[in-house]
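Scroll down for the structure; my scribbles are underneath it.
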Ligand code: ADP
Ligand code: MG
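Residue numbers (full-length UniProt numbering): 1 to 269.
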């Protein structure tokens, strides 16, 4: 059990990168499961119309009656949109393809960038006692991702070890800076995590070197290896920590959770 607690409410982390397929959803689901394993209570917010985080945590499309779309666009109550998962202390606000029209529907709403921020600060939030809220962002720097960055304390950036990975991060950093200047001055970068890392591959090594040279301490020591068990787990509607608890992928996400918890202990101290 962790002795970690957060009297001022949950730490809200947006998992973001405008590139698709870099490991955002995989990181949101498995980091959530790893934090829960240490005794914490975690809410995942699925903010991607593809709904992969919802599927990966076992919420079938037919069971997604109320979703992040309802929370943001229809003013639904938190208590109506939060669903339990098979894992105790791990809940989710699911998403469906409905969410893809939110951008347009909210265009004339003056508070359009603050909808998730305000929703996650409903007084009902206190009763849940979450330690962490992880927001799984869509693969775009659109209004949904901006909502996540305005709502969050920090941004966690999965970086896939591939060509041009760092160019994408530069663009993402500019968006973070804009959000800081306009709506959320305290937004931090939680860190950059190398995903689908293959230590036998020169490109992976090169991307790691470039990332550490350019981004320094922002890059987590923990790297998530490319691991087939990680990619199989979603089709069993489970985090890899539950699907194959001793796999290299599961161990890596536990190490990432530890690194994040240690960092927060140091900041709190
Ligand atoms: P994103 O949410 O950024 O689009 P995903 O998390 O959905 O990316 O990952 C993209 C694909 O890569 C998925 O099929 C996922 O299962 C696979 N994947 C992610 N991380 C790993 C890993 N560490 N090892 C193997 N496959 C992975
Ligand atoms: Mg995704």
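Think of the CB as a built atom: it goes at the ideal place given N, C-alpha and C, for glycine as much as any other residue.
Extent of the continuous beta strand (DSSP E) run through residue i
i: residue 191; result: 188 to 197
i: residue 77; result: Looking at the DSSP string, residue 77 is not in any beta strand (DSSP E), and its letter there is neither H nor E.
i: residue 11; result: 11 to 15
i: residue 223; result: 219 to 225
Whole-angstrom C-beta distance between residue j and residue i, which should lie under 8 Å
i: residue 248; j: residue 227; result: 5 Å
i: residue 12; j: residue 190; result: Actually they are not in contact, since the Cβ atoms of residue 12 and residue 190 sit about 10 Å apart, beyond 8 Å.
i: residue 172; j: residue 30; result: Actually they do not touch by this definition, with Cβ atoms about 21 Å apart.
i: residue 114; j: residue 150; result: 6 Å
i: residue 41; j: residue 54; result: Not really, about 19 Å apart at Cβ, beyond 8 Å.
Bridge partner(s) assigned by DSSP for residue i
i: residue 115; result: Its beta-bridge partners do not exist; DSSP assigns none.
i: residue 84; result: 91
i: residue 66; result: Partner(s): none; residue 66 has no beta bridge.
i: residue 46; result: 136
Opening and closing residue of the alpha helix (DSSP H) in which residue i lies
i: residue 174; result: 165 to 182
i: residue 156; result: Looking at the DSSP string, residue 156 is not in any alpha helix (DSSP H); the run it does join, the beta strand (DSSP E), is 154 to 160.
i: residue 210; result: 202 to 215
i: residue 135; result: First-last for residue 135: 132 to 136, but that is the beta strand (DSSP E), not the alpha helix (DSSP H).
i: residue 148; result: 143 to 151
Neighbour-count burial assignment, residue i, 16 or more Cβ in a 10 Å radius
i: residue 223; result: buried
i: residue 185; result: exposed
i: residue 170; result: exposed
i: residue 94; result: buried
i: residue 124; result: exposed
i: residue 210; result: exposed
i: residue 1; result: Low local confidence applies: a pLDDT of 39 at residue 1 is under 50, so the model's placement there is unreliable, with the coordinate-based value given in what follows. Flag for residue 1 reads exposed.
Neighbourhood of residue i by C-beta distance below 6 Å, restricted to the same chain and skipping five residues each side
i: residue 27; result: 15 and 158
i: residue 3; result: Note on residue 3: pLDDT 43, under 50, position unreliable in the model; no value is reported.
i: residue 78; result: 122 and 124
Own chain residues within Cβ distance below 8 Å of residue i, not counting five before or after
i: residue 229; result: 240, 243, 244, 247, 248, 249 and 250
i: residue 252; result: 222, 223, 224, 225 and 227
Cβ neighbours of residue i in the same chain (closer than 7 Å, five flanking residues each side left out)
i: residue 19; result: 139 and 168
i: residue 259; result: 220, 221 and 222
i: residue 129; result: 41
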